[in-house]
Amino acid sequence: MSLYVRIPFALAALASAAAIAPAHAQQAPIKIGIVSFLTGPAASPFGIPGRNGAEIVLEAFNAGKAPAPFDKVGFGGTKLEAKYVDEAGSVQNVVTEFRNLVQRDQVDAVVGYISSGSCLAVAPVADELKALTVFYDCGTPRIFEEKARSYVFRVSPHATMDGVGAARYLVAKKKNLTSFSGINQNYAWGQDSWRDFAGAMKVLAPKATADKVLFPKLFAGEYGAEISTLLTSKSQAVHTSFWNGDLESFTYQQSARGLDKRMTIIMTTGEAGMWRMRDKLPDGTIIGGRGANGPLARDTDINKWFHQIYMDRYNTPPTYPAYQMAQSLLGLKLAYEKAKKGDAKPTTDEIAAAFKGIEFTGPAGHVKMALGNGHQGITETAYGTYKFNKQKNMPEIVDIMRFPAECVNPPAGIDADKWIADGMKGAKC
Amino acid sequence: MLTAFAILTDGLVYAAYLFIVAIGLTLIFGVMKILNVTHGSFYAFGAYGAATAVGIYANADWPAALGFLFMITLAMLVGLIMGIILERGLLRLVYGKDEVVIVLVTYATFLILEDVIVLIWGAQSYAAYQPMVAAGSIEIGDLVLSNYDILLVAIAVVLAALAYWALKYTRQGRLLTTVIFDRETAAAFGINVTLVYTATFVIGAMLGALGGAVMAPKISVTLGIGVEVIVLAFAVVAIGGMGSIEGALIGALIVGICRAAAVHLAPQIELFVIYGVMALVLVARPYGLFVRAQPRKI
Amino acid sequence: MITREKLAGGLAFLFAAAAAPLAPEWVVSLATIAFANALVVLGLVVLWRTGLVSFGQALYYCIGAYTVALIVRWSGFTDAFALVALGGVGAGIVAALVGFLLARYREIFFAMLSLALSMILYGVLVKTETLGSTDGFSVSTPSFLGYRPHGEALGLSLYWFTLAIDAVAAVLVGAYFRSVAGSLATPIRDNEIRVEFLGVSVTRIIHTKVVIAGVLGGLGGALAALTIGHVDPAMSYWTTSGGFVFVTILAGAGSVAAAFVGSLVFEMVRSFAVDIMPGLWQMVLGSVLLLTILFLPDGLGSLVARLRKREEAKP
Amino acid sequence: MKEAVNGDKPILAVRDLEKTFGSVVAARDITVSVPAEQTVGVIGANGAGKTTFVNMITGHLTPSKGTILFEDKDITGMPSREITQLGISRSFQVAQIFPTLSVFDNMVIAAAVARRAGGLLGNVTTPVHSPDAIAEADATIDLFQIDRYRNTTASQLPQGVRKLLDIGMAVVGWPRLLLLDEPTSGISIEEKFDLMNVVMSALKTRKITVLFVEHDMEIVARFADRVLAFYDGTVIADGTAHETLDNPRVQELISGVRKPGGAHA
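Going down the list, the sequences are from chains S, B, L and V. According to the working numbering, the first sequence is numbered sequentially starting from 67. According to the working numbering, the second sequence is numbered sequentially starting from 25. According to the working numbering, the third sequence is numbered sequentially starting from 1488. According to the working numbering, the fourth sequence is numbered sequentially starting from 2.
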């Protein structure tokens, strides 16, 4: 695909000059860079489902088999070509690979990134290079709060919704809650998740107090001391934003010691791991999936379609990263087609302009690019209670509660942290 | 009181885990003076091997004890094979090079083996919780302890006792002690140093794999588990004194108890505990607790 | 011989500077990062000549980067010259302080203690939520004595700026290698007792080297922060240090130039590996490192030495 | 730098020197004064305190008691590198050289260090291959007659040449006092005299005061102006070579046990 790297430094200049030659408007496929963890601890829970989601959705686009209004071949009749890149490595590597995608491989858009660190580092570069970029999984609200972005979009809602939704569900289900605890990984995601959740709890259940606040090291793997600490607590619930490897380790270790018999566990990313943990995941656990994804998604036609093609190919249900990837690609497709006038390929600026404030309904429900000056999507979210159905030998989420987008997301123009701290004013539930 | 008891038990369990992962590392360093980064790979391969074994026996409906033994055996077999291949096929070529260069050889090998895992087992994670579930739990006061954790402590104690007995009371063990003490003398006494090296490395590899195997039921066996273990084991070994088995034991206990105390009493410092203890010990005793500095001779 | 080396170095520098506008942008940015990291590698070469390897050089790299990033964040000051200088000074001060401790250690203990120190900084930064914890935060684009380029001009400016700092560092480190203190590197590795009895404090010499390596690490980190436009605690993580040691082995301690060539080769190999084998690039890197150690034990730099020997052998 | 030393004044004056390691007394009651340009042999069985004595003068060991004056300056307990800088140099039982460097590089580094402008900055700004250092190194190489090994890597050198290089590196900085710790150890009997001839004539040329520890009584008798005999940590005889070697206590206690590994180890 990209032979240029193989050519020594001196020749590279010539090669790239050739690449810059005017693209053939019709024949040349639209190139999309897909960036996701293909190696490392985040590959299995997020990176691979995300990539899988991209693969089948892009295939469906090219075959023109996606349901209406996404049924045009490729993007507006032009076929798509994907290049998959690993997100693993330092931020330096991530930025370098992003530049390589844009400048060397001349992709038309980049869709990807799981780590919020990657997203924060890539966003300014994307704007500088005027490269259309859609983040699909990273959660930090800082991306559009710190600075207005021009070419960066995020269809998936940011992580504030997860903490607020979890708090709302917990308060609705546990009326007499007096104390809650938290166990979150000691890095930005864990710290932010806890801050949002604890902040929302302060607003929604001011009488309940946070008891044990634990931050084990990321990928610690061994949680004996943390579980003991929680066992000695009188909390009725414990919040965790652990994700896969750590989430599974914690689940196995706590179930051996019966923590779930003493308190309800709230797993904000539990959906991504439930198909593997199956009956090891205790019944009664409150499960979130970064939005109304997977079993939390509404039973719509487009959701059925997506679920089906994913099952057919990978023989396992799609988890939320796959949903987020699908939503992102659907959004990009709509924006592209909206910007396309006649046969000519729309410019990046035209696509970006069309993307702003776009609304559509995908497998994970209705998206509105409402925040960040039309660059950040919001959707409804849902939480539910886990139940392993022994008859069907299948995990289930029951007792699902849905929270409208405006109920769990800050209004446009207000920073998420501030919104929660100020009592979540203006929430429409 | 409850907290003190919890700190003690949690500390012991964590120390057992640390000792099991560190003993192979310190053994290899003691005898061969190699700081073996590949130890993380042995751990990972052991864990993946164990997960594969559990997958087999869970489907075959064997009794739990037999399954546990099968799991350990298979993992150690993986360690054995890897140890032989690496020592005979690669390390042999670089003996005599700078200590630090050999560290990098093992680092390179570690990078390669990380991807070999992907080639063999794919990128998905594996679960092997059956042995831990089968072990059950006991309740002491308000605290529930997993019997599997108690088993881990027992395994660590057995390993420590075995190492002590083997080094002190067997012929081979005393030979090994000689090599640790003085390589040239050992060679002069006609000890087959090459054989001792191979044997040590293979035993170290098997111990690393054992560490992964006994931890596998507690964790999600997934990519990257080896990386975390390397630095942890290094820290324990550096605290105790590189190459010292009793040092690894004491180092594991210190780190285990300190970490448990931090989690219970001051969770915000938990992240620093290990490195803090390591830096403090190294400042006070540059060669770790159980290794004395060699006086300079003229 | 020395003058010929200098001439070759100067020509390479001029070529690298002149070729940039012709090269594609991604090559320029790749080279900028490679040349920024090369400074860290150069610092490791300074240590390695004495037989010391630091598994914690990322400490200085990270401090250099965070110094720059924090100054920009808090004061809005963006002049690259001053920022990079301050990054180097900041890391130098830290190196001077920890040097009192580190200079007493040798071999693997030096490596391990360096590692512990860098990991403590990592822990502190992860705990600092106001600085974005592991997500880090972004660094606005720099200016150069009032000149504020954008787009391609910015990339080129950063590249030339990095190259210029590299050139200064290369000349100074080269002079250091030829100085009395610099030439004591091999003697200290060979026989510390003799060095002491020549009337030199080995501890002080090593302390100096720790500081030099620290300043170079800080400069590299500062340049990386400006080039990437983002800093995060992972810059202090031990795998980052491992990467730098990797390049040092690849480059070899033979010459100053090797650090720059080695760093560039490494970045290209890594990028190439990620491009063609997205799932297995670690394996490619590991194999390259292994093959280098086995077949090119003195690094890429030794290739030049071999060529020269062959040339000298000719009548 | 090389001001003339008054012949009457001792260059080295040691008074009541004592060194204990815990309860073990390694050296006691040592009082010796050495005039400039004298060549002093030090004899004694292993463990008699000779090397401890040398180590205290060169700062490798700190005396438990007593004083050491070098050119009237109190150097007791100073670190060895500062003592070296003052003008006391030493060689070693086992040659302490830089095995991976050539003979010339060994020598030129020693020369450059000895000549450096001083201080931290001096070290960093002065090139090692300064014309002065090169000239000094080559002169010393010639002086010790090892010029045909000039470009040989030190690890490849024969034992005798290593010794000469070791001593040469101690001499290249023009010390006023040189301590040689068993210069002929590890050298075959046939080569010993040749080696000592080279060394002693070189040292004479540079007017260096010498204190040398030696087991071979013939060497001592031949090269020493004066001989100190050590027994049980202290000096039991002090006089010309003949006086000391003929001393009956010396003959009883020392001359009989010439070989290393004696009863007093």
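Yeah, the Cβ is synthetic: ideal placement off N, Cα and C, and Gly gets one too.
Check whether chain L comes within 8 Å of residue i, counting only Cβ atoms and requiring the distance to be less than that.
i, result
"alanine 151 of chain B", "no"
"threonine 126 of chain V", "yes"
"threonine 50 of chain B", "no"
"alanine 272 of chain B", "no"
"leucine 104 of chain S", "yes"
"serine 186 of chain V", "no"
Per DSSP, what kind of secondary structure is residue i in: helix, strand or coil?
i, result
"histidine 90 of chain S", "With a pLDDT of 44 at histidine 90 of chain S, under the threshold of 50, the predicted position of this residue should be treated as unreliable, though the coordinate-derived value follows. Residue state, collapsed to three classes: coil."
"glycine 1579 of chain L", "helix"
"tyrosine 202 of chain S", "coil"
"arginine 177 of chain V", "coil"
"glutamine 148 of chain B", "coil"
"histidine 373 of chain S", "helix"
"lysine 491 of chain S", "coil"
"serine 222 of chain S", "coil"
"glutamate 212 of chain S", "coil"
"glycine 290 of chain S", "helix"
"methionine 1488 of chain L", "At methionine 1488 of chain L, the pLDDT of 46 sits below 50, so the modelled position is not reliable and the matter cannot be decided from this model."
"serine 1670 of chain L", "helix"
How about residue i and residue j: are their beta carbons less than 8 Å apart?
i, j, result
"glycine 428 of chain S", "methionine 435 of chain S", "no"
"tyrosine 179 of chain S", "cysteine 204 of chain S", "yes"
"serine 1666 of chain L", "valine 33 of chain V", "no"
"alanine 152 of chain B", "alanine 75 of chain B", "yes"
"leucine 1787 of chain L", "glycine 1739 of chain L", "yes"
"glutamine 169 of chain S", "tryptophan 1513 of chain L", "yes"
"alanine 113 of chain V", "serine 92 of chain V", "no"
"tyrosine 299 of chain B", "alanine 1603 of chain L", "yes"
"alanine 1712 of chain L", "alanine 1552 of chain L", "yes"
"leucine 169 of chain B", "threonine 33 of chain B", "yes"
"valine 269 of chain S", "methionine 460 of chain S", "no"
"tyrosine 72 of chain B", "valine 238 of chain B", "no"
"threonine 133 of chain B", "glycine 1773 of chain L", "yes"
"threonine 154 of chain V", "serine 103 of chain V", "yes"
"isoleucine 190 of chain V", "leucine 165 of chain V", "no"
Does any residue of chain C have a CB that is nearer than 8 Å to the CB of residue i?
i, result
"isoleucine 352 of chain S", "The structure shown contains no chain C; its protein chains are S, B, L and V."
So residue i packs on residue j, CB below 8 Å; how close in whole Å?
i, j, result
"tyrosine 1547 of chain L", "tyrosine 1724 of chain L", "About 14 Å separates the two Cβ atoms, so there is no contact after all."
"aspartate 166 of chain B", "leucine 297 of chain S", "7 Å"
"aspartate 277 of chain S", "serine 299 of chain S", "5 Å"
With a threshold of 8 Å between beta-carbons, can residue i be considered close to chain S, or not?
i, result
"aspartate 1719 of chain L", "yes"
"valine 1613 of chain L", "yes"
"leucine 200 of chain B", "no"
"aspartate 1622 of chain L", "yes"
So, is the C-beta of residue i closer than 8 Å to a C-beta in chain B?
i, result
"tyrosine 1553 of chain L", "no"
"asparagine 369 of chain S", "no"
"glutamate 288 of chain S", "yes"
Report yes or no: is there a C-beta of chain V within less than 8 Å of the C-beta of residue i?
i, result
"alanine 1668 of chain L", "yes"
(message) Give me the subset of the segment 165-197 of chain B whose CB atoms are less than 9 Å from a CB atom of chain S, sorted by chain position.
(response) For chain S, the residues of the segment 165-197 of chain B that bring a beta carbon within less than 9 Å of one of its beta carbons are Asp166, Leu167, Val168, Leu169, Ser170, Asn171, Tyr172, Asp173, in chain order.
(message) At a CB distance below 7 Å, what residues from the segment 83-94 of chain V approach chain L? Give them in sequence order.
(response) Thr85, Gln86, Arg91
(message) Tell me which residues of the segment 133-163 of chain V have at least one Cβ-Cβ distance to chain L shorter than 7 Å, keeping chain order.
(response) none
(message) At a CB distance below 7 Å, what residues from the segment 310-338 of chain S approach chain B? Give them in sequence order.
(response) Asn310, Gly311, Glu314, Ser315, Tyr318, Gln319, Ala322, Arg323, Gly324
(message) Counting only Cβ-Cβ distances shorter than 7 Å, please list the residues of the segment 240-251 of chain B near chain L, keeping chain order.
(response) For the segment 240-251 of chain B, which is checked against every Cβ of chain L, not one residue is closer than 7 Å.
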